[in-house]
Amino acid sequence: MSQPSFLRRLFGGIWRGITYIRNALANILFLVMLAVVYFVYFSGGPEPLPEQAALLLNPMGSLVDQKAPIDPLQAVLTEPSPADHEVLLRDVIEAIETARDDDSINSLVMELEYLVYAGISRTQELVEALDSFRETGKPIVAVGDFYTQDQYLLASYADEVIGHPMGGVAVEGYAMYLQYFAEALEKLSVTMHVFRAGQYKSAVEPYLRSDMSPEEKEAASQWLTDLWGRYTATVEANRELAEGAVDAYVNGFAQRMVDGDGDSARDALAAGLLDQLLTRAQTNDYLAEMVGVRDEDGLYQAVPFEQYLSRKRGLDLASEEGPKIAVITAQGNILPGDQPPGTIGGNSLARQISEATAAPDVKAIVLRVTSPGGSMFASEVIREEVLLARAAGKPVVVSMGSIAASGGYYIAAAADEIWATPTTLTGSIGVFAAFPTVENLLQRWGVHTDGVGTTSLAGSLRLDRGLNPQLSQALDAGVAHAYRQFLAVVADGRDMSMDEVVNAAQGRVWSASDALSLGLVDFLGGLDDAIDAAAARAELSRYEVDYVEEPLSPSALFFQQLTERMGSLGILPRGGSVSGLLALYQPLLAASAVIEDLQDPRHIYAFCLSCSSIH
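The sequence shown lines up with residues 485 to 1099 when you count with the working numbering.
Written out as structure tokens, the structure reads:
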């Protein structure tokens, strides 16, 4: 038998070496995972809560109504990042409310360095819990090096706000700036075909213009001004500042830095935004004196809220028997089919509503909507289930989060009652269809498309062909029909005349206060208010709140629980060197991918691009 050639033996050896290394790495990764699991779940268990401590409110990442699934590979191979972490708003509220009546908790400390995003709407939903905590006589102190605008809004609710001598407060106001691609598309010879209904329906403007239209500037200025007015009024009230003090601080900041010594921390102190400037060591000593206890490392005794909540909830997760109010979360863009948490799937959300409707112990449904919209078809699938729930005798109350616009409002309009936070953005009643073709680009390169079809419409939706005039007419008619349907849905659901709906529609975005005056919402308030309203409609005096979630896959569930367990054990960082400026570097929107990601089978969308650029 002849021997294999030299090259064959060489490459065979290389391949065996690669296989060996691959298997070795897989085994190492497996052993690391086993070590992590053992440490988290089996290494002595959690330490008991201290007899006296401060509740440490140190959320990492973004406050959300629903957590997105954790990617297993990313969870194993990457370091935890504040930008990727999510914290349930209801967990923060529950921790504060539980600590309020806990004698072992004598104060609340906000360390907000890792808070990437909360938003004015979600922050306002924390106010009732914070006020209730303060009424017990327990102090609330905010500490930080550098406060972003979002962080400072939450910090302003504290009795005392402590900054660092080298820090500052970055309050700048609200703005909405988008990228416009019309000129770039023209240079690339890409044709964007757009059909829309609604004077203010601006979702596709970035593909048609090189600047913001006057209509969009008018509408955006109105709701941005309303949001900023609520922000400044809140801070001024919390900090006992004169009316207009925040605007004066922002508008005069640059000149004060030039005329002065450039000390932003002293400037924030002089403006009344901060109460003290202390180094980290001084802050620790100050808090240790307030709490009255130090831990073994000499730090003030504190219990991170996730760890505290985990201990208080215990291991008994069994539901109590009795009537329930099902809270179903609709967060994210609306897409057809089944979608993971953090995105609204037409089928998956409809199934949750259907199951709650069929459950005999569920007496009412609260639909928490935080969405700029998306697929109109998927929105209709969800709306139909809302109507079926009502027909079955189950009251449906909508609680709007920071955004409930376009498709988000389409869903909400079918409910018995709509609650919005004072800073919710809603409305945007309008539809559009859009898709690009690249026939001109291909022709520039000498590529031509030709062929035959069995009908006048065959092959009309190809990217390499211009839009068929017949199809263009059909899409234009389809969009007009969809808009009329949207108007009819709102008129029927809200018991409004068609003239009233048209006045509130045209794709225009409204702040909650304007939406209330227009009849688009019924009341201003948070999720708890909506739950109380649902209970009243179902005539319930005693009930359990059941937060409904789409079941995760076994692997996704494992990694989510692992991450939460690590947080409850205090493995995730309590403080550190991550700059508060991190939030300023988060992109507002990947505008070029919006339309492609919405996936409507008819290419007809109810989506609010402008309001999705501000949370």
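Ideal Cβ positions, reconstructed from N, Cα and C, are used throughout, including at glycine.
- Here the alpha carbons of Met660 and Glu839 stand approximately 39 Å from one another.
- In the structure shown, His965 adopts helical secondary structure according to DSSP, grouped into three states.
- When beta bridges are read from the DSSP output, Ile849 appears opposite Ala810, Val880.
- With the rule of 3 Cβ pairs closer than 8 Å, the segment 922 to 929 does not count as touching the segment 1004 to 1012.
- Cβ-Cβ distances below 6 Å link Tyr691 to Phe665, Met676 in the same chain, with the five nearest sequence neighbours on each side left out; the list follows chain order.
- Counting only residues of its own chain and dropping the five nearest sequence neighbours on each side, Leu757 has a CB closer than 6 Å to the CB of Val653.
- If you compare the alpha carbons of Leu955, Ala681, Gln550, Asp948 with that of Glu1033, the shortest gap goes to Gln550.
- By the Cβ-count criterion, Asn987 is exposed, with fewer than 16 other Cβ atoms from all chains shown falling within 10 Å of its own Cβ.
- Within the model, the alpha-carbon separation for Lys701 versus Val548 is close to 29 Å.
- The DSSP assignment places 599 to 601 as complete runs of the beta strand (DSSP E) inside the segment 590 to 617, in order along the chain (cut-off: 3 residues).
- Rounded to the nearest angstrom, the Cβ distance from Met884 to Ala896 is 7 Å, consistent with a contact under 8 Å.
- Rounded to the nearest whole angstrom, the CA to CA distance from Ser697 to Glu667 is 15 Å.
- Nearest in C-alpha terms to Asp710, of all of Ala942, Pro856, Thr910, Ala848, is Thr910.
- Excluding the 5 residues flanking it on each side, Thr620 has same chain C-beta neighbours closer than 7 Å at Arg584, in chain order.
- In the three-state scheme derived from DSSP, where H, G and I count as helix and E and B as strand, Arg693 is classed as coil.
- For Asp1030, the uninterrupted beta strand (DSSP E) run begins and ends at 1028 to 1032, by DSSP.
- Secondary structure at Thr763: coil, using DSSP grouped into helix, strand and coil.
- The secondary-structure analysis by DSSP pairs Pro788 across a beta bridge with Leu540.
- Of all alpha-carbon atoms in Asp979, Ala843, Gly603, Lys796, the one lying nearest the alpha-carbon of Leu533 is that of Lys796.
- When DSSP states are grouped into helix, strand and coil, Tyr733 belongs to the helix group.
- Between Gly943 and Ala552, the gap from beta carbon to beta carbon reaches 8 Å or more.
- The residue among Asp948, Asp779, Gly806 with its C-alpha nearest the C-alpha of Ala537 is Asp779.
- Here Val880 is not near Ile913, since their CB atoms are 8 Å or more apart.
- Counting only the Cα atoms, Met741 lies some 16 Å from Asp731.
- In the structure shown, Ser748 falls within a helical segment according to DSSP collapsed to helix, strand and coil.
- DSSP, reduced to helix, strand and coil, places Ala1090 within a strand of the structure shown.
- Contact between the segment 831 to 846 and the segment 777 to 791 is absent, with fewer than three C-beta pairs closer than 8 Å.
- Trp903 is a Cβ neighbour of Val1005, given a cutoff of 8 Å.
- Residue pairing by DSSP places Val993 opposite Gly911 in a beta bridge.
- Within the segment 938 to 963, no run of alpha helix (DSSP H) reaches 4 residues while sitting entirely inside it.
- Taking a C-beta distance under 8 Å as the contact criterion, Ala602 and Leu539 do not qualify as a contact pair.
- Distance from the CA of Glu805 to the CA of Val611, rounded to the nearest whole angstrom, comes to 31 Å.
- Within its own chain, the residues whose Cβ lies closer than 8 Å to the Cβ of Leu971, once the five positions on either side in sequence are excluded, are Ile913, Met982, Val985, Val986, Ala989, listed in chain order.
- Separation of Asn722 and Ala639 (C-alpha to C-alpha, rounded to the nearest whole angstrom) is 10 Å.
- For Ser832, the enclosing alpha helix (DSSP H) covers residues 830 to 842.
- Pro906 carries a coil assignment under DSSP once its states are collapsed to helix, strand and coil.
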